[in-house]
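Asker: Please see the structure below; I have some questions.
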Amino acid sequence: MKIAVLPGDGIGKDVTEVCLPVFEKLSLPIELYFGDLGWEFWKKEGTPVPERTWQLINECDTVLVGAVTSKPQEKAEQELNKELQNSGLKYVSPVIQLRQRLNLFANIRPIYSIYREKSQDFPKFDFTVIRENTEGLYAGLDFYPIPNKLYEFVQKRHSIQHAWQMKKPEDGAISCRLITRDGLCRLLRYSYELAQKKGIKKIIWADKPNVMRSSGQFVLDLIKEIGKDYPKIECEVKNVDAVAMWMVKKPEQFEMIICENQFGDILSDLGAGIMGGLGLAASANIGKNKSYFEPVHGSAPKYEGKNIVNPSAMFLTISMMLEHTGYLDEANRIKKAVFEVINLRKCVTKDLNGSATTIEMAKSIIERC
Ligand code: NAD
Ligand code: IPM
Ligand code: MN
2 MKIAVLPGDG IGKDVTEVCL PVFEKLSLPI ELYFGDLGWE FWKKEGTPVP ERTWQLINEC
62 DTVLVGAVTS KPQEKAEQEL NKELQNSGLK YVSPVIQLRQ RLNLFANIRP IYSIYREKSQ
122 DFPKFDFTVI RENTEGLYAG LDFYPIPNKL YEFVQKRHSI QHAWQMKKPE DGAISCRLIT
182 RDGLCRLLRY SYELAQKKGI KKIIWADKPN VMRSSGQFVL DLIKEIGKDY PKIECEVKNV
242 DAVAMWMVKK PEQFEMIICE NQFGDILSDL GAGIMGGLGL AASANIGKNK SYFEPVHGSA
302 PKYEGKNIVN PSAMFLTISM MLEHTGYLDE ANRIKKAVFE VINLRKCVTK DLNGSATTIE
362 MAKSIIERC
């Protein structure tokens, strides 16, 4: 199996480097090919995903990403190489490019309790957040100033309920949430299939249909349509704010939560929080033929090269990748090793109240594999 390894920026590089020896330790028939991705390439070349990286991705069976830095518009333009400035280049986060261009419509983010607390009543939870990964509020329909036709349209909708004051298109900005039939149906089918495979009886669509009433209704209609093919699985629609609260208060009640892109981004970081932090949360980006895997955390620039961050999220990400590609035994061994090292509490990083370095914790996990 050929894996494209794209360490990216910041701690993405740190956690990738210390985790990769696990492939050798497990004697997996895997070839690693390193590629360029991230902020450095945006600054130098005007794209965070150079064409040669797309080619590499194309030639490999799957992709492992560390993390990337994504700065807001103004900063992105300022940091661009002088010769490339004012040439109309627009920065788009490389992870969003990968998800959209490769059509990786399902972002799987497992949330489970790793700590075995001494107290008997500590809740054990184990569920999955499935985030739509190609559209929703991330569709790129994000405007400032508001384009003229859209501005006129919005002004015509002015009413007592919508008493906004704009005198010109520069007085506002708009982000549209796009949900398409194709986009959502493929996500729903994937989620129902996964639920069936895992023996899950109830899945939850977390949204805001009490406020976004039209797009909310569209989703309800599609759930009804697709759900007919899965009569043994109930899909309950819940308000996303309440789901967030219950994820903290009673996470053991959940089996699978599905949601729109942006809501999934937020709920999955919340999920990382109840697991014990972003240093523990893994993810898989899945499409029909392609996939890529990455920790949920970002590049945490202030910790880059300091050898203090937790490598567990990257190990658990590699475990997800191996599970997806059919190396089940090896996937389980890595997951088990991470759980053991964390629960022994002897060799854990600062975020888990330990004093081990990234390298020490990674070595300890690899030894246990
Ligand atoms: P972040 O995930 O990089 O870090 C937030 C905080 O979480 C850190 O300050 C740290 O306290 C903790 N943390 C994260 N990873 C950890 C680890 N492995 N071990 C221990 N603690 C860890 O999020 P941010 O600060 O909002 O973003 C920093 C940059 O990363 C931004 O440019 C952002 O756009 C980018 N980002 C990229 C990805 C990705 O590549 N998939 C994801 C999120 C954010
Ligand atoms: C994530 C990240 C990305 C997102 C950013 C870096 C674009 O936060 O993978 O959760 O918002 O999806
Ligand atoms: Mn996120």
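The numbering of the sequence shown is my numbering, which starts it at 2 and goes up by one. C-beta atoms are modelled at their ideal positions from N, C-alpha and C, and glycine is treated no differently. Bear in mind that the values here come from a model prediction, so they are computed numbers and not experimental data.
Please return the same chain residues whose Cβ sits closer than 7 Å to the Cβ of Glu-78, not counting the five positions on each side in sequence.
Answerer: Cβ neighbours of Glu-78 beyond the five flanking positions: Gln-86.
Asker: Could you pull the start and end residues of the beta strand (DSSP E) that Asp-208 belongs to?
Answerer: Per DSSP, Asp-208 belongs to the beta strand (DSSP E) from 203 to 208.
Asker: Please classify Met-315 as buried or exposed, where buried requires at least 16 neighbouring CB atoms within 10 angstroms.
Answerer: The residue is buried, with at least 16 neighbouring Cβ atoms inside 10 Å.
Asker: Would you mind reading off the limits of the alpha helix (DSSP H) that contains Lys-26?
Answerer: Run containing Lys-26: 22 to 26, per the alpha helix (DSSP H) assignment.
Asker: If you run the structure through DSSP and keep just helix, strand and coil, what is Asn-262?
Answerer: Helix at Asn-262.
Asker: Which first and last residues belong to the beta strand (DSSP E) in which Val-96 is found?
Answerer: It is not in any beta strand (DSSP E) - Val-96 instead sits in the alpha helix (DSSP H) that spans 95 to 102.
Asker: Is DSSP giving Gly-67 helix, strand or coil here?
Answerer: Strand.
Asker: Quick one: using the 10 Å Cβ neighbour count with 16 as the cut-off for buried, is Gly-89 buried or exposed?
Answerer: So Gly-89 ends up on the exposed side.
Asker: Taking a cut-off of 5 Å, which residues have a beta-carbon closer than that to any heavy atom of ligand 2, in chain order?
Answerer: After applying the 5 Å Cβ criterion, the set is Ser-71, Ser-94 and Asp-266.
Asker: Answer yes if the segment 164 to 178 comes into contact with the segment 199 to 209, meaning at least three C-beta pairs across the two stretches below 8 Å, and no otherwise.
Answerer: Taking 8 Å as the limit for Cβ pairs, the verdict is that the segment 164 to 178 does not touch the segment 199 to 209.
Asker: Less than 8 Å separating the Cβ of Val-297 from some heavy atom of ligand 3?
Answerer: Under cutoff, so the answer is yes.
Asker: How big is the Cα-Cα spacing for Thr-318 and Glu-295?
Answerer: Approximately 6 Å between the Cα atoms of the pair.
Asker: Among Met-167, Ala-140 and Asp-143, which residue has its Cα nearest to the Cα of Glu-153?
Answerer: It is Met-167.
Asker: Compute the Euclidean distance between the alpha carbons of Pro-148 and Lys-76, then round it to the nearest angstrom.
Answerer: Distance between the alpha carbons of Pro-148 and Lys-76: 23 Å.
Asker: Is it a yes or a no for the segment 89 to 105 touching the segment 212 to 226, going by three-plus beta-carbon pairs under 8 Å?
Answerer: Taking 8 Å as the limit for Cβ pairs, the verdict is that the segment 212 to 226 does not touch the segment 89 to 105.
Asker: Would you kindly work out how many angstroms separate the C-alpha atoms of Leu-353 and Ile-360, rounded to a whole number?
Answerer: Approximately 15 Å, taken between the alpha carbons.
Asker: Buried or exposed, going by whether 16 or more other CB atoms sit within 10 Å of the CB of Glu-136?
Answerer: Glu-136 is buried by the Cβ-count criterion.
Asker: Distance, Cα to Cα, Pro-124 vs Lys-347?
Answerer: Pro-124 and Lys-347: Cα-Cα distance of roughly 23 Å.
Asker: Of the choices Val-6, Ile-109 and Asp-15, whose alpha-carbon is the least far from that of Ala-273?
Answerer: The residue with the shortest Cα to Cα distance from Ala-273 is Ile-109.
Asker: So within the segment 188 to 250, which uninterrupted alpha helix (DSSP H) runs reach at least 4 residues, ignoring any that extend past its ends?
Answerer: You should have 214 to 228 and 241 to 250.
Asker: Thinking C-alpha only, which one of Gly-200, Ala-245 and Glu-261 is nearest Phe-219?
Answerer: Looking at the Cα atoms, Glu-261 is the closest of the given residues.
Asker: Is the segment 181 to 193 close to the segment 244 to 251, with three or more CB pairs under 8 Å?
Answerer: Flag = no, the segment 181 to 193 and the segment 244 to 251 do not touch.
Asker: Glu-127 lies in the beta strand (DSSP E); which residues open and close that run?
Answerer: Per the sequence shown, residue 127 should be read as Asp rather than Glu. Unbroken beta strand (DSSP E) run through Asp-127: 127 to 133.
Asker: For Ser-88, report the span of its alpha helix (DSSP H) as first-last.
Answerer: Premise fails: Ser-88 is in no alpha helix (DSSP H) and is neither H nor E.
Asker: Which ranges does the beta strand (DSSP E) cover as unbroken runs of at least 3 residues, wholly within the segment 273 to 359, from first to last along the chain?
Answerer: Here the runs fully enclosed are 283 to 287 and 292 to 296.
Asker: Would you list the one or two residues that DSSP bridges to Pro-111?
Answerer: Answer by DSSP bridge pairing, in chain order: Thr-129.
Asker: If we ignore side chains and look at the alpha-carbon of each, how far apart do Glu-237 and Ser-284 end up?
Answerer: Approximately 24 Å, taken between the alpha carbons.
Asker: What do you reckon, is the C-beta of Asp-15 under 8 Å from a heavy atom of ligand 3?
Answerer: Result no, Cβ not under 8 Å from ligand 3.
Asker: If you count every other CB in all the chains shown that lies within 10 Å of the CB of His-298, and 16 or more means buried, which is it?
Answerer: That one is buried.
Asker: Considering only heavy atoms of ligand 1, does any lie closer than 8 Å to the CB of Leu-279?
Answerer: Yes; taking the cut-off as 8 Å, the Cβ of Leu-279 has a heavy atom of ligand 1 nearer than that.
Asker: What would DSSP say about Ala-363, mapped onto helix, strand or coil?
Answerer: Note: Ala-363 maps to helix in three-state DSSP.
Asker: Buried or exposed: where does Leu-323 fall if 16 or more other Cβ atoms within 10 Å of its Cβ makes it buried?
Answerer: Answer is buried; the Cβ neighbour count reaches 16.
Asker: DSSP on Tyr-34, reduced to helix/strand/coil?
Answerer: Strand, per DSSP.
Asker: Start and end of the beta strand (DSSP E) containing Ala-5?
Answerer: From DSSP, the beta strand (DSSP E) with Ala-5 extends over 3 to 9.
Asker: Apart from the five residues on each side of it in sequence, which residues of its chain come closer than 8 Å, Cβ to Cβ, to Tyr-116?
Answerer: Once the five neighbours on either side are set aside, the close Cβ partners of Tyr-116 are Phe-123, Gly-277, Ile-343 and Asn-344.
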